[in-house]
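Following: one structure in structure tokens, then a few remarks.
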Amino acid sequence: MGRALFVGRFQPFHNGHLYALKKLLEREEEIIIVIGSAQDSYSLTNPLTTGERIEIIREVLKELNALDRVIIVPVPDIYENMAWPGRVIEYVPRFDRVYSGNELVLMLFERFGIEVIRLEHINRGEYQGKRIRERILKGEPWHHLVPKVVYKKLVEFGFEERIKRLARKS
Ligand code: NAD
0 MGRALFVGRF QPFHNGHLYA LKKLLEREEE IIIVIGSAQD SYSLTNPLTT
50 GERIEIIREV LKELNALDRV IIVPVPDIYE NMAWPGRVIE YVPRFDRVYS
100 GNELVLMLFE RFGIEVIRLE HINRGEYQGK RIRERILKGE PWHHLVPKVV
150 YKKLVEFGFE ERIKRLARKS
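Sequential numbering from 0 applies to the sequence shown in numbering that gives the first Met the number 0.
Below, the structure written as structure tokens:
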């Protein structure tokens with residue numbers, strides 16, 4: 000038990016993220032959710048703004064009754080991968096360990112001498128931001144891949160239409 004760090008792009012937040020978040024809430028007192036690639040928005044790989052991602056994650060946390068146990072911190076990317084954990088550390092409150100299923104994130108924090116815990120992925124074929132964005136472009140159903148509260152927010156933000164317009168732009 001302590002304070003753990005959980006990094007993600009959340010483009011968008013899906014059922015895989017929810018599974019991981021619930022696991023962390025079971026194991027840790029407090030969680031810092033780092034919204035990575037915070038500088039990016041309105042692109043096909045990062046359609047949502049950081050502000051929108053914060054709103055979405057807060058809705059999920061309200062449902063889980065965990066708003067008071069989670070600190071959300073946006074962190075922009077930098078070019079130097081090895082220096083990135085230092086960048087994250089500069090932006091967030093102190094933490095004890097990092098949870099991730101992303102090999103690069105695990106490697107970089109490990110190299111920095113920070114305890115890392117590997118997260119298992121569930122239904123990675125479908126619970127994946129990229130897959131959801133692809134489904135939207137193909138006109139396939141995707142609402143079942145995200146929590147209901149997230150879907151509601153994404154409709155409010157015009158997520159589907161945004162992705163289709165971004166695809167037309169490029
Ligand atoms: P993501 O949204 O894909 O995943 C976030 C977390 O959720 C990961 O730990 C992942 O394992 C977990 N997850 C995803 N799908 C899951 C599933 N189906 N089941 C269970 N868990 C699942 O985000 P990400 O790509 O891991 O985010 C890393 C962020 O760190 C990015 O924004 C990246 O740019 C940033 N980063 C930056 C630098 C740099 O600036 N040099 C270096 C490394 C990473």
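Glycine included, C-beta positions come from ideal geometry on N, C-alpha and C.
Item, Value
"Cβ-heavy atom distance, D67 to the ligand FMN, below 7 Å", "Looking for the ligand FMN in the displayed structure turns up nothing; the ligands present are the ligand NAD."
"Through-space distance from E28 to M0, alpha-carbon basis", "6 Å"
"Start and end residues, beta strand (DSSP E) containing E139", "Premise fails: E139 is in no beta strand (DSSP E) and is neither H nor E."
"Nearest neighbour of G7, chosen from E159, L144, V87, K61 [CA to CA]", "V87"
"Proximity test, S99 beta-carbon vs the ligand NAD heavy atom, cut-off 7 Å", "yes"
"Distance, R117 Cα to N109 Cα", "Contrary to the premise, residue 109 reads as Glu rather than Asn in this sequence. Between E109 and R117, the C-alpha separation is close to 11 Å."
"Three-pair Cβ contact test at 8 Å for the segment 30-40 versus the segment 115-132", "no"
"Secondary structure, beta strand (DSSP E): runs of 3+ residues fully inside the segment 10-75", "29-34, 69-73"
"For H143, the nearest candidate out of E114, S42, Q38, F12 (CA to CA)", "F12"
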